[in-house]
Structure formats: structure tokens, C-alpha cells
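Peer 1:
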Amino acid sequence: MDILSTDASHAALKQGFLARDRELLIDGRWVRAQSGKTFDVTDPGTGAVLARAALGEAADIDRAVQAARAAMARGPWAEMAGAARGALLLRLADLLEKHAAEISVLESLDAGNPVGSVRHVDVTMAINNLRNIAGWSDKIAGEVPMTPALAGGMAYVVREPVGVVGAITPWNAPFLMAVHKLAPALAMGCAVVLKPAELAPLSALRLGELILEAGFPPGAVNIVTGFGSGAGQALAEHPDVNKITFTGSTRVGRSILAAAGGNMKRVTLELGGKSPVIVMPDADLPRAAKAIAAESMFKSGQYCAAGTRLFVHASMHDKLVDAIGEIFGQARLGHGLDPATQMGPLISETQLGRVMTYITEAQGAGAQMVLGGKRLERDGHFVQPTLLTNVGPAMRVFRDEIFGPVLSVIRFEDAADFDGIAAGANDTEYGLAAKIWTRDLAAAHGLARRIQAGTITINGGGPGGRLPFGGFKQSGIGREGAREGMLSFTEVKSISIGF
Ligand code: NAP
Ligand code: MG
Numbered sequence: 009m010d011i012l013s014t015d016a017s018h019a020a021l022k023q024g025f026l027a028r029d030r031e032l033l034i035d036g037r038w039v040r041a042q043s044g045k046t047f048d049v050t051d052p053g054t055g056a057v058l059a060r061a062a063l064g065e066a067a068d069i070d071r072a073v074q075a076a077r078a079a080m081a082r083g084p085w086a087e088m089a090g091a092a093r094g095a096l097l098l099r100l101a102d103l104l105e106k107h108a109a110e111i112s113v114l115e116s117l118d119a120g121n122p123v124g125s126v127r128h129v130d131v132t133m134a135i136n137n138l139r140n141i142a143g144w145s146d147k148i149a150g151e152v153p154m155t156p157a158l159a160g161g162m163a164y165v166v167r168e169p170v171g172v173v174g175a176i177t178p179w180n181a182p183f184l185m186a187v188h189k190l191a192p193a194l195a196m197g198c199a200v201v202l203k204p205a206e207l208a209p210l211s212a213l214r215l216g217e218l219i220l221e222a223g224f225p226p227g228a229v230n231i232v233t234g235f236g237s238g239a240g241q242a243l244a245e246h247p248d249v250n251k252i253t254f255t256g257s258t259r260v261g262r263s264i265l266a267a268a269g270g271n272m273k274r275v276t277l278e279l280g281g282k283s284p285v286i287v288m289p290d291a292d293l294p295r296a297a298k299a300i301a302a303e304s305m306f307k308s309g310q311y312c313a314a315g316t317r318l319f320v321h322a323s324m325h326d327k328l329v330d331a332i333g334e335i336f337g338q339a340r341l342g343h344g345l346d347p348a349t350q351m352g353p354l355i356s357e358t359q360l361g362r363v364m365t366y367i368t369e370a371q372g373a374g375a376q377m378v379l380g381g382k383r384l385e386r387d388g389h390f391v392q393p394t395l396l397t398n399v400g401p402a403m404r405v406f407r408d409e410i411f412g413p414v415l416s417v418i419r420f421e422d423a424a425d426f427d428g429i430a431a432g433a434n435d436t437e438y439g440l441a442a443k444i445w446t447r448d449l450a451a452a453h454g455l456a457r458r459i460q461a462g463t464i465t466i467n468g469g470g471p472g473g474r475l476p477f478g479g480f481k482q483s484g485i486g487r488e489g490a491r492e493g494m495l496s497f498t499e500v501k502s503i504s505i506g507f
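If you count the sequence shown from 1, position 103 lands on 111 in this note's numbering, and the numbers rise without skipping.
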């Protein structure tokens with residue numbers, strides 16, 4: 009993104025959006041929390057307070073859920089045809105495009121990611137997704153099973169909106185996650201209560217303003233900012249919510265699952281990962297090194313599908329480590345709004361502390377630090393991209409999701425042993441993604457079929473379109489995106505009638 013539009017957007021935000029306390033969106037209106045409480049929203053690149061947001065709690069969640077329920081029961085949202093919902097989503101996509109620079113600056117300030125990356129990855133994907141999903145709004149249909157022509161009666165299957173949806177999102181890609189959750193729910197005719205992450209709630213609130221401007225009727229979308237233990241828990245437990253769609257940690261995912269059991273809510277959980285990267289001896293080394301390094305630094309490593317366990321064939325080990333080390337060494341760390349920045353800060357001091365503990369502990373356990381590992385002496389929560397070799401599969405750095413720019417390398421010897429390589433890759437509680445680098449078709453397909461993960465990317469991946477996304481094992485339940493994602497916001501009803 010160019011400097012001029014960044015500066016102009018920043019100035020406009022300071023005078024407008026950031027100058028006022030941000031409120032909750034309930035039933036088409038912006039309102040204060042019932043308690044009147046607020047919380048500070050900060051810039052992780054400086055530690056400074058950016059704005060104050062309403063601290064929504066159980067009472068506010070309840071108001072929002074009732075508004076959503078009413079919107080589904082009667083009035084314009086309940087009566088709206090699928091094509092008209094699609095048209096609203098397309099209008100929203102146009103508004104995101106119009107305000108893309110400003111949204112990118114706001115998101116960069118709040119979550120720390122480089123503004124150009126936010127614009128070209130997050131905001132672009134959000135716009136493309138909205139347009140893709142808008143097309144599904146009038147294309148999901150039921151079925152009429154074949155019956156003998158002279159049978160006395162008929163049977164059919166209809167799909168209905170699943171009901172009121174509670175959406176709970178994390179801070180690492182807050183804008184994209186909010187759009188990911190809202191769009192398919194709205195396309196299928198559900199009404200939504202969104203609880204954004206407390207650490208980066210601002211872009212979702214700006215999205216709420218654009219949702220009203222696009223013309224969504226009151227109650228279709230409600231946004232309640234607040235803490236997980238208050239607003240989030242209340243939403244997960246609420247008896248009038250039919251489905252929770254959640255993206256976040258496996259730990260909180262478990263508590264959502266337990267809370268959802270109260271009224272048997274449907275759940276989609278997109279959770280953590282510890283994704284393997286496998287580099288075979290015939291891989292295109294410069295391409296692989298560039299992609300692996302870039303992914304390690306993407307969102308400062310706070311990226312659920314990041315390849316963080318690097319399995320490399322012994323013949324490539326030293327060359328690949330050198331190539332990645334060179335890219336890490338040259339990376340420019342800085343504030344998200346600085347156009348030269350390639351990697352921003354971590355989200356919080358707590359997150360930085362966690363990452364530093366893993367790095368120190370790994371060295372104590374015998375891992376070798378090739379590069380990085382230090383916190384930067386400046387305001388904000390910055391840590392260098394860190395490359396560790398000699399990592400063993402039992403070390404915590406190799407097992408836990410760290411959510412920081414830390415890449416652990418392990419070598420393997422036998423490139424023909426697909427079972428052995430896959431066993432290493434599968435030796436984790438997670439199963440979100442895996443990446444394979446090889447030019448050998450048998451290795452590519454042989455490994456892809458053996459690895460337990462929801463998304464497998466070979467040689468950096470192809471154009472693909474919007475594919476279903478989600479995890480095996482403890483990386484989640486269900487899939488978002490594409491047809492699977494749409495169907496997860498519907499309920500099936502079988503109707504049979506005798507004449
Ligand atoms: P988190 O701590 O699990 O929080 C996620 C959301 O849940 C936040 O809005 C949080 O509110 C809320 N929450 C916390 N406790 C809750 C409770 N008891 N009941 C209901 N809601 C509650 O995750 P995070 O630290 O924000 O994000 C990092 C995690 O997200 C990583 O594990 C990462 O892998 C995962 N992630 C997964 C994907 C994916 O698609 N699979 C994508 C991105 C991130 P507060 O903000 O107030 O705590
Ligand atoms: Mg923030």
C-alpha cells in the first residue's frame with residue numbers, strides 16, 4: 009500500500025473512528041454496554057492506547073441474542089429471499105473495496121501486522137470471499153428422492169437456516185475472521201452475534217458500520233465486544249443460540265464444546281495447529297526456502313496454519329537452513345504502518361513472554377539456535393525470527409503451538425520411506441495443515457494421502473479457489489468455506505406426505 013493513502017487513512021481514523029468510544033452493535037443501533045464499562049484497545053507496535061471499546065457482558069449478549077432471534081422470526085431478514093441476501097453481501101464487498109485502505113490501517117494498528125500485507129492478503133481475501141459466498145445465497149437446495157411415478161405420496165428434504173449463530177473470533181486475523189464467519193451464516197439466512205477478540209476488536213466494529221451502510225436489516229448482525237470469560241462464555245452457553253462458530257485455541261475450543269452441550273448447539277471449531285513442512289531431496293530449494301521463511305514471519309508467526317515443524321532430508325539440511333537463515337537475518341522488523349516493515353510485533357507482552365520461554369527452554373533441552381531468539385530493545389512486543397536446529401520430537405518447542413516466529417528443524421534420512429516420514433509429521437495432537445516440497449509425483453501424492461491434516465499444500469499450492477478449511481484431530485471440528493462451510497449453517501428437515 010502506498011505511503012500517502014496510509015498516512016491519509018491514519019489521520020482520518022484519528023479524527024473519526026478512533027476519537028470516539030466504540031459501542032456495541034445491537035438490533036441495528038450502536039449502544040453502550042449495559043454496565044457502562046469500557047476497556048482499552050492498544051497498539052501492539054507501541055503499547056499505546058488506540059481507543060476504548062464497550063465491555064459487553066452476559067446482559068449485552070442476551071440483548072444481542074434476542075435481537076437476532078427476533079430478526080429470524082419476523083420482518084425483513086426473515087422474509088428475504090436468498091438472492092436478495094446475496095445482493096447485500098455483494099454491496100458489502102463493494103464497501104470493503106471502497107474503504108480498503110482505511111480498514112487495513114485500522115487493522116494494522118490494532119493487531120500489528122504490516123499494512124501492505126493486511127491490504128493484499130486479509131482485506132483482499134475478505135472481499136473475494138464475500139463475493140464468492142454471495143453466490144451461494146440462492147444455490148443451496150433440498151432434494152426430492154426418486155419415487156415410483158404412481159406412488160401415492162411424496163417425500164422431500166429441505167434445508168433451513170440453522171438459526172441464531174454465535175461467532176467468536178481470535179486476534180491474529182481479526183477482520184478476515186469476522187468476514188469468514190459472518191458471510192456464510194448470512195448467506196444461509198441466519199442472524200449472527202459476533203464476539204471479536206478483546207486484543208484486536210476494532211476492524212470488526214468498522215465492519216459493523218459498513219454492514220449497516222450496506223442495508224442489512226436490524227438484528228441480522230450484532231457485535232458485542234468484551235472478554236472471553238464474560239461475553240464469549242455467555243454466548244457459548246446461551247440457550248437461544250443454535251450454533252457456535254469459533255476460531256481460536258484448542259483449550260478454549262474445548263470449553264466452547266462443553267458449554268454448547270447445554271442446549272446441543274451445533275459447533276464448528278477452527279483451532280490450533282503445529283503443521284509439518286516436508287522438504288524432499290529433489291525440492292526446488294530456493295523456492296522452498298523463501299516460502300518457508302515468509303510463512304514463519306507471516307503475522308509474526310501468529311498464524312494457525314503456519315508450517316512450524318520443518319522435516320528436511322539430510323542432503324538438503326544445511327543448504328536449506330542457510331537459505332532460511334539468510335532471509336530471517338535480513339528481515340525488517342518494525343511498526344505495521346512503516347512501509348518498510350516485513351514483520352510486525354507480537355500481539356501482547358504475554359504472548360512475547362510465552363514465545364521467549366519456548367526459545368530458552370528449547371536451548372536448555374539441546375536445540376541449537378542458528379539465528380534470532382532475541383527481543384528487540386524498543387517499545388512494542390517485538391521478537392526476532394528464530395531458527396532452531398537439532399530439535400527432538402519430544403521437545404515442547406516441537407510439540408506445542410507457539411504462535412510466534414519460531415521454526416524448528418529436524419532431519420530425516422530415508423526419502424523412500426513415506427510411512428516413516430508421514431509418521432513423524434503425524435506425531436502431533438494437531439492436524440490443521442501440512443506442506444510438502446517435492447517434484448516427484450509419487451512422493452507428493454504418497455505423502456499427501458498419509459498425512460492427517462485438513463489442508464495439504466504441495467510446492468506452495470495452486471490457484472484453487474475457495475477450498476474447505478479446517479482440521480483433523482485436535483485442530484477442530486467441521487469445515488469452513490465452499491459447500492461444506494455453507495451446509496454447516498443449515499439444518500436438514502425430511503418431509504414425507506401420503507396422498
Ligand atoms: P483464544 O484465546 O482461544 O481466543 C479466541 C476467542 O475466544 C477470543 O475472542 C476470546 O476472547 C474468546 N474466548 C476466550 N475464552 C473464552 C471462553 N471461555 N468462552 C468463549 N469464548 C472465549 O485464541 P486467541 O489467543 O485469540 O487466538 C490464537 C489461537 O487461535 C491459536 O491457537 C490459533 O491457532 C487459533 N487460530 C486458529 C485458526 C484456524 O482457522 N484454525 C485461525 C486463527 C487462529 P478474548 O479475546 O477476550 O480472550
Ligand atoms: Mg490491539
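Glycine included, C-beta positions come from ideal geometry on N, C-alpha and C. Bear in mind that the values here come from a model prediction, so they are computed numbers and not experimental data.
Mind checking which residues open and close the alpha helix (DSSP H) that includes Tyr366?
Peer 2: Within the sequence shown, numbered from 1, the residue matching residue 366 stands at position 358. 357 to 372 is the extent of the alpha helix (DSSP H) around Tyr366.
Peer 1: Name the two residues that bound the continuous beta strand (DSSP E) containing Thr463.
Peer 2: The count along the sequence shown starts at 1 and reaches residue 463 at position 455. Note, Thr463: beta strand (DSSP E), 463 to 466.
Peer 1: On the CB-based measure, 16 or more other CB atoms within 10 Å of its CB, does Val500 come out buried or exposed?
Peer 2: Working through the sequence shown from its first residue, we reach residue 500 at position 492. Its Cβ having fewer than 16 others within 10 Å, Val500 is exposed.
Peer 1: Is it right to say Leu415 is buried, meaning 16 or more other beta carbons lie within 10 angstroms of its own, or is it exposed?
Peer 2: Here the question's residue 415 lines up with position 407 in the sequence shown. That one is buried.
Peer 1: Who pairs with Val165 in a beta bridge, going by DSSP?
Peer 2: On the sequence shown, position 157 is the one that residue 165 refers to. Answer is Glu151, Ser502.
Peer 1: Suppose you measure from the CA of Phe319 to the CA of Pro347; what does that come to, to the nearest Å?
Peer 2: As a working note, residue 319 is residue 311 in the sequence shown. As a working note, residue 347 is residue 339 in the sequence shown. So the two alpha carbons sit approximately 33 Å from each other.
Peer 1: Can you give me the start and stop residues for the beta strand (DSSP E) that Ile286 sits inside?
Peer 2: Counting from one through the sequence shown, the residue named residue 286 turns up at place 278. Segment 283 to 287, the beta strand (DSSP E) holding Ile286.
Peer 1: Classify Gly483 as buried or exposed, calling it buried when 16 or more other Cβ atoms lie within 10 Å of its own Cβ.
Peer 2: The residue you call residue 483 lines up with position 475 of the sequence shown. The question names Gly, but residue 483 is Ser in the sequence shown. Per the 10 Å Cβ criterion, buried.
Peer 1: Assign Lys327 to buried or exposed, taking buried as 16 or more other Cβ atoms, counted over all protein chains shown, within 10 Å of its Cβ.
Peer 2: Working through the sequence shown from its first residue, we reach residue 327 at position 319. Its Cβ having fewer than 16 others within 10 Å, Lys327 is exposed.
Peer 1: Would you be able to state if there are at least three C-beta pairs under 8 Å between the stretch 42 to 51 and the stretch 91 to 111?
Peer 2: The stretch 91 to 111 vs the stretch 42 to 51: no contact.
Peer 1: Mapping the DSSP letters down to three states, classify Asn180 as helix, strand or coil.
Peer 2: As a position in the sequence shown, residue 180 is number 172, starting the count at 1. Of the three classes helix, strand and coil, the one that applies to Asn180 here is coil, per DSSP.
Peer 1: Check whether the Cβ of Thr50 lies closer than 7 Å to any heavy atom of the ligand MG, and answer yes or no.
Peer 2: As a first step, residue 50 is located in the sequence shown; it is residue number 42 there, counting from the start. Yes, the Cβ of Thr50 comes within 7 Å of a heavy atom of the ligand MG.
Peer 1: Grouping DSSP H, G and I as helix and E and B as strand, with all else coil, what is Val170?
Peer 2: In the sequence shown, residue 170 corresponds to position 162, counting from 1. If DSSP states are grouped into helix, strand and coil, Val170 belongs with coil.
Peer 1: If we ignore side chains and look at the alpha-carbon of each, how far apart do Phe235 and Phe426 end up?
Peer 2: Residue mapping note: residue 235 aligns to position 227 of the sequence shown, counting from 1. Residue mapping note: residue 426 aligns to position 418 of the sequence shown, counting from 1. Approximately 45 Å, taken between the alpha carbons.
Peer 1: Classify Lys382: buried if its beta carbon has 16 or more other beta carbons within 10 angstroms, exposed otherwise.
Peer 2: Stepping through the sequence shown from its first residue, residue 382 is reached at position 374. The residue is exposed, with fewer than 16 neighbouring Cβ atoms inside 10 Å.
Peer 1: Can you tell which of Ala375, Leu360, Trp85, Met494 has its C-alpha closest to the C-alpha of Leu384?
Peer 2: Within the sequence shown, the letter at position 376 stands for residue 384. That would be Leu360, whose Cα lies nearest to the Cα of Leu384.
Peer 1: Closest to Asp248 by CA distance: which of Arg274, Val123, Val131, Asp292 is it?
Peer 2: Looking up residue 248 in the sequence shown gives position 240. Nearest of Arg274, Val123, Val131, Asp292 to Asp248, Cα basis: Arg274.
Peer 1: Compute the Euclidean distance between the alpha carbons of Arg487 and Thr255, then round it to the nearest angstrom.
Peer 2: On the sequence shown, position 479 is the one that residue 487 refers to. On the sequence shown, position 247 is the one that residue 255 refers to. Taking the straight line from one Cα to the other gives about 11 Å.
Peer 1: Please tell me whether Ala181 and Ile135 are closer than 8 Å, where the distance is taken between their beta carbons.
Peer 2: Translated into the one-based positions of the sequence shown, residue 181 becomes position 173. Translated into the one-based positions of the sequence shown, residue 135 becomes position 127. No.
Peer 1: Taking three-plus beta-carbon pairs below 8 Å as touching, is the stretch 253 to 270 in contact with the stretch 221 to 232?
Peer 2: Not touching, per the Cβ criterion.
Peer 1: Distance check for Phe47 and Gly469, CA to CA, integer angstroms please.
Peer 2: Residue 469 sits at position 461 when you count from the first residue of the sequence shown. Residue 47 sits at position 39 when you count from the first residue of the sequence shown. Looking at the two C-alpha atoms, the distance is approximately 41 Å.
Peer 1: Could you check where the beta strand (DSSP E) with Ala416 kicks off and where it finishes?
Peer 2: The residue given as residue 416 occupies position 408 in the sequence shown. Reading off the sequence, residue 416 comes out as Ser, not Ala. That run of the beta strand (DSSP E) goes 414 to 420.
Peer 1: Look up Gln74 in the DSSP assignment and say whether it is helix, strand or coil.
Peer 2: By one-based count along the sequence shown, residue 74 stands at place 66. Residue state, collapsed to three classes: helix.
Peer 1: Using a Cβ-Cβ cut-off of 7 Å (strictly less than) and excluding sequence neighbours within five positions of Lys481, which residues of its own chain qualify?
Peer 2: On the sequence shown, residue 481 is found 473 positions in, with the first residue counted as 1. So the list reads Glu437, Tyr438, Gly439, Gln460, once near-sequence residues are dropped.
Peer 1: Which of the three DSSP states, helix, strand or coil, is assigned to Gly270?
Peer 2: On the sequence shown, position 262 is the one that residue 270 refers to. Three-state result, Gly270: helix.
Peer 1: Could you name the residues that DSSP lists as bridge partners for Leu277?
Peer 2: Start at 1 with the first residue of the sequence shown, and residue 277 comes out as number 269. Phe254, Ile485.
Peer 1: Taking the continuous beta strand (DSSP E) assigned at Ile410, which residues delimit it?
Peer 2: Position 402 of the sequence shown, counting from 1, holds the residue named residue 410. Premise fails: Ile410 is in no beta strand (DSSP E) and is neither H nor E.
Peer 1: Can we count Asn180 as close to the ligand NAP, meaning its CB is less than 7 Å from some heavy atom?
Peer 2: Taking the first residue of the sequence shown as 1, we reach residue 180 at position 172. Asn180 Cβ: within cutoff of the ligand NAP.
Peer 1: For Ala205, verify whether its CB is less than 7 Å away from any heavy atom of the ligand NAP.
Peer 2: Walking along the sequence shown from the start, residue 205 turns up at place 197. Yes - the ligand NAP has a heavy atom lying nearer than 7 Å to the Cβ of Ala205.
Peer 1: Taking 8 Å as the threshold (C-beta atoms), are Ala322 and Glu221 in contact?
Peer 2: For the purposes of this step, residue 221 is taken as residue 213 along the sequence shown, with counting starting at 1. For the purposes of this step, residue 322 is taken as residue 314 along the sequence shown, with counting starting at 1. No, Cβ-Cβ distance for Glu221 and Ala322 is not below 8 Å.
Peer 1: Grab the span of the beta strand (DSSP E) containing Met377 for me, first residue to last.
Peer 2: Locating residue 377 in the sequence shown gives position 369, where the first residue counts as 1. 376 to 379 is the extent of the beta strand (DSSP E) around Met377.
Peer 1: Find out if the Cβ-Cβ distance for the pair Pro169, Phe497 is shorter than 8 Å.
Peer 2: Looking up residue 169 in the sequence shown gives position 161. Looking up residue 497 in the sequence shown gives position 489. For Pro169 and Phe497, yes; Cβs fall inside 8 Å.
Peer 1: Closest to Asp330 by CA distance: which of Gln310, Leu345, Ile300 is it?
Peer 2: The count along the sequence shown starts at 1 and reaches residue 330 at position 322. The shortest Cα separation from Asp330 among Gln310, Leu345, Ile300 belongs to Ile300.
Peer 1: For a test of the three-state rule: what should DSSP assign to Arg340, helix, strand or coil?
Peer 2: Taking the first residue of the sequence shown as position 1, residue 340 is located at position 332. Reduced to three states, the DSSP call for Arg340 is coil.
Peer 1: Should Ser483 be counted as a contact of the ligand NAP given a C-beta to heavy atom distance under 7 Å?
Peer 2: On the sequence shown, residue 483 is found 475 positions in, with the first residue counted as 1. True, at least one ligand heavy atom lies under 7 Å from that Cβ.
Peer 1: Could you pull out every unbroken alpha helix (DSSP H) segment of at least 4 residues lying fully inside the stretch 105 to 160, listed in chain order?
Peer 2: The stretch 105 to 160 contains these whole alpha helix (DSSP H) runs: 108 to 119, 132 to 142.
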